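Data first, discussion second: the structure below is written as structure tokens.
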Amino acid sequence: MLVAEKLLLLLTDTETGRVRGQFADRALAGALLMDLSFRGRIRVTEKGERSHRPNRVVVVNDAPTDDAVLDAALARLAGAERRMQSAVGRLAGQVRTPLRERLIAAGAAGDRAATQDLLTTLRQVLLDGAEPDTDTAALIGALAALGRLPGILGERLPREQKRAVRQRASELRQQNWAADAAYRSIVATNAIIAGGA
501 MLVAEKLLLL LTDTETGRVR GQFADRALAG ALLMDLSFRG RIRVTEKGER
551 SHRPNRVVVV NDAPTDDAVL DAALARLAGA ERRMQSAVGR LAGQVRTPLR
601 ERLIAAGAAG DRAATQDLLT TLRQVLLDGA EPDTDTAALI GALAALGRLP
651 GILGERLPRE QKRAVRQRAS ELRQQNWAAD AAYRSIVATN AIIAGGA
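Residue numbers 501 to 697, in this note's numbering, belong to the letters of the sequence shown in order.
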């Protein structure tokens, strides 16, 4: 399952089927960029590169991924380097429907067990100190950027545990590039949108 699919599953109310969150589509697009990055299809340029300006999304491998959602995203990004916010913007309106259709086809949409499995993994990492895999770290970064931690855990946590969850998410951003990249891309995009609104 893609990070973007996991994020959509967690942001979808299992009762109503509605997606929660003001910036959900942009967060899903940011998660899709992470999925493409994990597969070596895109990268973000760094300061000091001679051939690219810094902090640009560049397609480095446009070969098919054998995943229709990723291939469609890759096609939308091809042809030019883009600022992160621009790349997210190109994908944001095109992501939710195909991801939802895949979750429905897989029987995961509205499936409380699938959502609970993800929440269990998040609890193990955020409350119990387990080490996350790359996908889970990116998911935590995205949820933190959306302001969904610790609330997504669905528990009435004592204040000290809420603080511990936020601290653990912050530590993961410092230790794990995927968590930090997901967090930064969503926070930066949200700031631009809020500033333009």
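Cβ atoms here follow ideal geometry from the backbone N, Cα and C, with glycine treated the same way. Computed from a prediction, not measured in an experiment: that's the story for all the values here.
Exercise. Taking C-alpha atoms, which residue in T597, H552, L507, R583 lies nearest to A572?
Worked result: T597
For this session: For R583, write down the residues that DSSP places opposite it in a beta bridge.
Result: R556
Problem set entry | Whole-number beta carbon distance between A679 and I640, since they are thought to touch under 8 Å | 5 Å
Problem set entry | Inter-residue spacing [alpha-carbon to alpha-carbon] between G607 and G654 | 22 Å
Problem set entry | contact_flag[the segment 520 to 529, the segment 550 to 558] where n(CB pairs < 8 Å) is 3 or more | no
Exercise. If you draw a straight line from the alpha carbon of K547 to that of R612, how long is it in whole angstroms?
Worked result: 44 Å
Exercise. Under a Cβ-count criterion, where at least 16 other Cβ atoms within 10 Å of its own Cβ denotes burial, should A630 be classed as buried or exposed?
Worked result: exposed
For this session: Give the DSSP bridge partners of R543, in chain order.
Result: V558
For this session: Could you please give me the residues that DSSP links to T512 through a beta bridge?
Result: V519
Exercise. At what residues does the alpha helix (DSSP H) containing S537 begin and finish?
Worked result: 524 to 538
For this session: Look up S670 in the DSSP assignment and say whether it is helix, strand or coil.
Result: helix
Exercise. Does DSSP put L574 in a helix, a strand or coil?
Worked result: helix
For this session: Measure from the alpha carbon of W677 to the alpha carbon of each residue in G521, R518, S537, then state which is nearest.
Result: S537
Exercise. Taking DSSP as the reference, what is the three-state secondary structure of L643?
Worked result: helix
Problem set entry | DSSP state of P658 mapped onto helix, strand, coil | coil
Exercise. So L619 is in the alpha helix (DSSP H); what residue range does that whole segment cover?
Worked result: 612 to 626
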